[in-house]
Amino acid sequence: MGNLDLSIVVAYAFGIILLYIIGRILFIPLRFIFRLIFNGLIGGLLLWFLNIIGGAFGLHIAINPITALIAGFLGIPGVILLIALKYVLGA
Numbered sequence: 007m008g009n010l011d012l013s014i015v016v017a018y019a020f021g022i023i024l025l026y027i028i029g030r031i032l033f034i035p036l037r038f039i040f041r042l043i044f045n046g047l048i049g050g051l052l053l054w055f056l057n058i059i060g061g062a063f064g065l066h067i068a069i070n071p072i073t074a075l076i077a078g079f080l081g082i083p084g085v086i087l088l089i090a091l092k093y094v095l096g097a
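Sequence positions in the sequence shown follow my numbering and run 7 to 97.
As structure tokens, this is what we get:
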């Protein structure tokens, strides 16, 4: 411990804390992006099942990124919203 100066210890501690803070700042947007992708995939699967089952009744909702994210974020109410919008807008 003879050559270990207090300023070196403080510099290492500051560097480790700075790395932790930067890691947290960069990880939060990545977590949001992964959640967005996951919800979009789930929404796409929900719409796919709806199109398979609803095909017998003449119901079809286009699967694109916007409809998949709406269905993914809102779940069943989102799918109901998309069906209602389809009939209200007449598309």
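Note that the Cβ used here is the ideal one computed from N, Cα and C, for glycine as well.
Bear in mind that the values here come from a model prediction, so they are computed numbers and not experimental data.
In the DSSP assignment, the alpha helix (DSSP H) including residue i goes from what residue to what residue?
| i | result |
| --- | --- |
| residue 42 | 12 to 60 |
| residue 67 | Looking at the DSSP string, residue 67 is not in any alpha helix (DSSP H), and its letter there is neither H nor E. |
Only counting the same chain, and skipping five residues up and downstream in sequence, which positions put a Cβ closer than 8 angstroms to that of residue i?
| i | result |
| --- | --- |
| residue 67 | 53, 56, 57, 60, 73, 85, 88, 89 and 92 |
Which of helix, strand or coil does DSSP assign to residue i?
| i | result |
| --- | --- |
| residue 78 | helix |
| residue 96 | coil |
When you compare only the Cα positions, how much space is there between residue i and residue j?
| i | j | result |
| --- | --- | --- |
| residue 83 | residue 20 | 48 angstroms |
| residue 71 | residue 38 | 16 angstroms |
| residue 23 | residue 42 | 29 angstroms |
| residue 77 | residue 65 | 16 angstroms |
| residue 50 | residue 94 | 22 angstroms |
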